[in-house]
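Residue numbers (this note's numbering): 96 to 192. Cβ atoms here follow ideal geometry from the backbone N, Cα and C, with glycine treated the same way. Note sheet for the following structure.
Shown next, in the form of structure tokens:
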């Protein structure tokens with residue numbers, strides 16, 4: 096009944112009926128679906144690794160900056176860089192981090 100109301104569901108239902116009658120087509124369909132799921136999972140995991148690596152690199156750059164500012168006794172710049180993102184970016188460029 097739901098398939099009759101939605102043309103997309105109806106089309107998918109008809110395809111499913113055809114595929115389920117032919118074992119070879121069903122196996123091909125299942126292989127395609129598995130490949131799509133595997134690809135999507137691989138992309139998700141790669142994205143998560145990229146985010147994690149980016150966060151680690153960002154934290155390291157900020158820590159390096161703070162260390163340099165402390166060693167140079169630039170405490171006012173340190174305090175300002177904590178509050179002012181644009182200034183922090185400027186300092187990161189200044190020190191080539």
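Item                                                                                                                                                                          : Value
Under DSSP, the alpha helix (DSSP H) around residue 117 begins and ends at which residues?                                                                                    : Residue 117 -> no alpha helix (DSSP H), and no H or E assigned at all.
Looking only at its chain, what residues have a beta carbon closer than 8 Å to the beta carbon of residue 161, apart from the 5 residues adjacent to it on each side?         : 173 and 176
Check each candidate in 157, 168, 170 and 169 and name the one with the smallest Cα separation from residue 188.                                                              : 157
For residue 144, count neighbouring C-beta atoms within 10 Å of its own C-beta (all shown protein chains included) and say buried if the count is 16 or more, exposed if not. : exposed
If you draw a straight line from the C-alpha of residue 171 to the C-alpha of residue 129, how long is it?                                                                    : 57 Å
First and last residue of the alpha helix (DSSP H) that includes residue 192?                                                                                                 : Careful: residue 192 lies outside any alpha helix (DSSP H) and carries neither H nor E.
Just confirm the distance between the C-beta atoms of residue 163 and residue 190, as a whole number of angstroms; I'd bet it's less than 8 Å.                                : 6 Å
Taking the continuous alpha helix (DSSP H) assigned at residue 172, which residues delimit it?                                                                                : 170-178
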